[in-house]
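This report concerns only the one structure given below.
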Amino acid sequence: MTQPAISLRSLNKVYRVWNHPRDLLLEGLTGRARHYEFQALTDISFDVPKGSVVGLLGRNGAGKSTLLRIVAGTLDASSGHVRTDGRIAAILELGTGFHPDYTGRENVFLGGLCLGLPRREIERRFDEIVDFAELRDFIDHPFRTYSSGMQARLTFAVATCVDPDILIIDEALGVGDARFQLKSFDRIRQFKERGKSILLVSHNIAQIVAICDRAILLEQGRVLEDGDPNTVGKIYHELLFAPPKRREESAAAPSLQSEDAVDAVRDTKGTELDLDAGFTEAASSETRVDKAAPSSHQDTRERRYGLREIEITDVWIENNDKCPVKLLQSLETYRLVLRLRAKRSTVGVNVGFLVRDGRGNEVFGWDTASGHSGPIPPIEAGQLREIRIAFRANLSSGNFFITAAVANPDSTKQDVRFDCMEFVVAPTPSIFSSSVVNLDVRMLGAAV
Amino acid sequence: MSVIARSLNMRGNALAVAEIAGMLRQHPALIWEMAKRELKDRYSGNALGLAWAVGAPLAIFAANVLAFLFIFRIRLNPEDTGGSYAAFVLSGMAVWVAIGEVMGRAPTAVLQSANLVKQIVFPSEILPLKIVIAGLPTLALCCGVVVALSVAVGHATPFGMFVLLPICVVYFVVMMTGLTYVLAGIGVFLRDIKDVVALLLSIGLFLHPILYAPASVPAWLERGFNFSPFSHLIWCFRDALFEGRIVHYASWIICPVLAIIFLVLGWRVFRSLRPTFGNAL
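Respectively, the protein sequence lines represent chains A and B.
This note's numbering puts the first residue of the first sequence at 1, with every later residue one more than the last.
This note's numbering puts the first residue of the second sequence at 449, with every later residue one more than the last.
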């Protein structure tokens, strides 16, 4: 267990691009370079220990698939070291190694042979594969007639049945229906328990958070973040929706550990667009308008980004007597208050909030753009405004987090404060403690 | 030049032979399965199916016999009523059709299976080999026709058919495999290769000792034939199928030597290009 399953050391990948095939021929003949280079990966180093599930996040073109292909061995690295320990099975696309015209049965055999299983072994596992993919009725139909979910199921079933030591999955899990995804997760969990390693790419942050031990965020071919899936997921979300200016600067930050990366971004930006609200409080008091106001809880979970021409200075929940509260009773009505401050005059902006549970699952989300109310009226520069949103706490007991956001009508984020406030819903004895929401049930009687 | 120095590196060449043997031992089931699929794919999608596999070479044979025997009225010697010349031409053409079949598909051997090479850890060195194996039924069919004709006109000998012909087939397989490796490897990067090969194959029919009766070939062309490895292969097959004895002694030596050189160097070219396939596919 001492040796990692996958070990990457200062890996670089440079694609050589020839504008015309003729240039490739001329370069081969004359030896003079006629290509330009595209750096797809820069100085990637990380280990995947045995028995761990690592998720790769990143925007389109960040180098995720290139990295997976290099680890899988279907692409060569330009420099650096890749060391893998054990048999690798890779699902890099739907129907990996499958021929659309062959039947499912033929493809199971061909796929198994391609992955290095002897024929007899495939025969032995055939039933298990078909049962897992739930394709018994379709196994003798051509692969191309399968729905994409069925294709994904068969691909996944074949790739995992060969019992690889390392499983590489590129977005293949997203296609199956929820039931199959659950089954896939189960199988991944079993894999993990047997000390196998999984490296997977997904655009679904919730999925990464749910099944990965660790997440790595790639941006422009570099490791931008490497750490806890929840934290990395938030930074990825920010990368996706932050205004372009911020985005470039976070991209320019070299590969650093979690805290350092935040620092680096902060340094390049000064105090104007801080990520960390705790820092804001300490350093730039001008953003704190009203110290006397019920201050929103500044816990360490918070992540913050946006243009901040208009800011959310405070977030709190109050009861019907306008008293701020932290402990909510299930099914009671409350008001969420967002205090906004405009640094410059704005056109109408949309506000919204999100409720997430302790594990990061989104429980509820709402904003004025999708609600019927429409954007809030313009705010003059320097003015404060409090937005009150009434809601009923249809939640079960537990800890929840509020994410508050202000955005321009074109969705440019002005201020997004992830998990900026925590509140607790008091225990509700009448429902199961594992519940997340409270559906407010009433027994109507047992009719015959 | 460094290329020449590298190709003369005998340790590298010995390693290549070991690697080839290793591949054959490691993946026999996969090679067999892939070759079967290749044949199935070629014909199963067509309405006439297997009829194409048999019909196409026979049609080429028939057209040539018609043109040269009945229109140009070429004869090998005064006693020849036409059957001898037909057997003579077809004994060369049999192997040429098979060469064309394999070489024509060689440049796309890896390209057409891009999904395998790109997506999974697949032993891509199997792909050129399966093209050669899938060409063997064509060779068998053509040779079968020629053997029948040869027997009919009294040319075939048991020595030719049972000793020389199997050796010829081995030469064919080894030489074709080597060339297919080179073409398949380069074909990934230079897509024109397949058009170049197609052109050379249609010109080549006239630049090889296939159609010409020995007496009618000018000396300079006769010498020119020697520069093509295919000429030697053709002469070997002709000795086996038509003459029934060894006539072209030199070719029986040159052919195996060339075949092994092609195989070893072809393998090495392919292996050195293989890691970069992912960039071009």
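Just so it is clear, CB atoms sit at the ideal spot from N, CA and C, and this is done for glycine as well.
If you're wondering where the values come from, they're calculated on a predicted model, not measured in any experiment.
Which residue comes first and which comes last in the alpha helix (DSSP H) that contains Phe451 of chain A? Residue coverage of chain A in this structure runs from 1 to 448, which leaves residue 451 of chain A outside it and unanswerable.
Just tell me which of B:Ala477, B:Ala483, B:Lys484 has its CA closest to the CA of Leu115 of chain A. Counting from 1 along the first sequence, the entry for residue 115 of chain A is found at position 115. Comparing Cα-Cα distances from Leu115 of chain A to each of B:Ala477, B:Ala483, B:Lys484, the minimum goes to B:Ala477.
Scan the region 66-77 of chain A for residues whose Cβ lies nearer than 7 Å to a Cβ of chain B and list them as they occur along the chain. Arg69, Ala72, Gly73, Thr74, Leu75, Asp76
According to DSSP, which residues form a beta bridge with Ile198 of chain A? Stepping through the first sequence from its first residue, residue 198 of chain A is reached at position 198. Ile198 of chain A pairs with A:Val53, A:Leu167.
In chain order, which continuous runs of the alpha helix (DSSP H) of length 4 or greater are located wholly inside the region 599-646 of chain B? 613-637
Are three or more beta carbon pairs between the region 212-225 of chain A and the region 56-70 of chain A nearer than 8 Å? yes
Give a yes or no on whether the C-beta atoms belonging to Arg87 of chain A and Phe132 of chain A are separated by under 9 Å. Locating residue 87 of chain A in the first sequence gives position 87, counting from the first residue. Locating residue 132 of chain A in the first sequence gives position 132, counting from the first residue. Not a contact, by the Cβ cut-off of 9 Å.
In chain B, which residues lie less than 8 Å from Cys114 of chain A when you measure between Cβ atoms? Along the first sequence, one-based indexing puts residue 114 of chain A at 114. Leu478, Leu564, Ile568, Phe570, listed in chain order.
Pro21 of chain A touches chain B at which residues, Cβ-Cβ below 9 Å? Working through the first sequence from its first residue, we reach residue 21 of chain A at position 21. The contacting residues are Phe637, Leu638, Arg639, Asp640.
Taking the beta strand (DSSP E) that Phe400 of chain A falls in, what are its first and last residues? Taking the first sequence and counting its residues from 1, one reaches residue 400 of chain A at position 400. Where Phe400 of chain A is concerned, the enclosing beta strand (DSSP E) stretches over 398-407.
Counting only C-beta atoms, is Thr724 of chain B closer than 9 Å to chain A at any point? Walking along the second sequence from the start, residue 724 of chain B turns up at place 276. For Thr724 of chain B, the answer is yes, since a Cβ of chain A falls inside 9 Å of its Cβ.
Let me know if Glu481 of chain B comes out buried or exposed under the rule of 16 or more other beta-carbons within 10 Å of its beta-carbon. As a first step, residue 481 of chain B is located in the second sequence; it is residue number 33 there, counting from the start. Burial call: buried.
How is the alpha helix (DSSP H) around Cys323 of chain A delimited, first residue to last? Against the first sequence, residue 323 of chain A aligns to sequence position 323. Per DSSP, Cys323 of chain A belongs to no alpha helix (DSSP H) and is neither H nor E.
Tell me whether Thr280 of chain A is buried or exposed, calling it buried when 16 or more other Cβ atoms sit within 10 Å of its Cβ. Along the first sequence, one-based indexing puts residue 280 of chain A at 280. Annotation note: pLDDT 33 at Thr280 of chain A (below 50); position unreliable, no value reported.
Given that a residue counts as buried once 16 or more other Cβ atoms are within 10 Å of its Cβ, and exposed if not, what is Arg442 of chain A? The residue labelled residue 442 of chain A in the question sits at position 442 within the first sequence. Exposed: under 16 other Cβ atoms inside 10 Å.
Cutoff 7 Å; reference Leu731 of chain B; Cβ partners in own chain excluding five residues on either side: Only positions 449 to 729 of chain B appear in the structure, and residue 731 of chain B is not among them; the question remains open.
Any heavy atom of the ligand FAD closer than 8 Å to the beta-carbon of Val209 of chain A? Looking at this structure, you won't find the ligand FAD or any other ligand, since it has none at all.
Keeping to the same chain, check which residues put their C-beta closer than 7 Å to that of Phe509 of chain B; ignore five residues upstream and five downstream. Locating residue 509 of chain B in the second sequence gives position 61, counting from the first residue. Result list for Phe509 of chain B: Leu538, Met541, Val593, in chain order.
Mind pulling the chain B residues with CB within less than 7 Å of Leu25 of chain A? For the purposes of this step, residue 25 of chain A is identified with residue 25 of the first sequence, where counting begins at 1. What Leu25 of chain A touches in chain B: Leu638.
Going by CA-CA distance only, name the one from B:Leu487, B:Pro505, B:Ile634 that's closest to Thr556 of chain B. Here residue 556 of chain B is taken as the residue at index 108 of the second sequence, counted from 1. Selected option, being the one with the closest Cα: B:Ile634.
Taking the beta strand (DSSP E) that Cys420 of chain A belongs to, which residues open and close that run? Position 420 of the first sequence holds residue 420 of chain A. The continuous beta strand (DSSP E) containing Cys420 of chain A extends over residues 413-425.
Measuring only the C-alpha atoms, how far is Ala554 of chain B from Arg722 of chain B? One-based indexing of the second sequence puts residue 554 of chain B at position 106. One-based indexing of the second sequence puts residue 722 of chain B at position 274. Spanning the two alpha carbons is a distance of roughly 15 Å.
In the DSSP output, which residue or residues are listed as bridge partners for Ser7 of chain A? Position 7 of the first sequence, counted from the start, is the residue given in the question as residue 7 of chain A. DSSP output for Ser7 of chain A lists A:Asp47, A:Arg83 as bridge partner(s).
For the putative contact between Ser572 of chain B and Val558 of chain B, defined by C-beta atoms under 8 Å, what is the C-beta separation to the nearest angstrom? Within the second sequence, the letter at position 124 stands for residue 572 of chain B. Within the second sequence, the letter at position 110 stands for residue 558 of chain B. The pair is a contact, with the Cβ atoms about 6 Å apart (cut-off 8 Å).
Quick one: is Asp101 of chain A near chain B, going by C-beta distance under 9 Å? In the first sequence, residue 101 of chain A corresponds to position 101, counting from 1. Yes, Asp101 of chain A lies at the interface with chain B (some Cβ there is under 9 Å from its Cβ).
Taking beta-carbon pairs under 8 Å, can you tell me which members of the region 192-221 of chain A lie near chain B? none
Of all Cβ atoms in chain B, is any one closer than 9 Å to the Cβ of Tyr236 of chain A? For this step, residue 236 of chain A is matched to residue 236 along the first sequence. No, Tyr236 of chain A lies away from the interface with chain B (no Cβ there is under 9 Å from its Cβ).
Using DSSP bridges, identify the partner residues of Trp316 of chain A. Indexing the first sequence from 1 puts residue 316 of chain A at position 316. A:Val337.
Cα-Cα, which of A:Leu113, A:Leu331, A:Phe418 is closest to Val315 of chain A? On the first sequence, residue 315 of chain A is found 315 positions in, with the first residue counted as 1. It is A:Phe418.
Chain-ordered chain E contacts of Glu481 of chain B [CB-CB under 7 Å]: As a matter of chain content, chain E is missing from the structure shown, whose protein chains are A and B.
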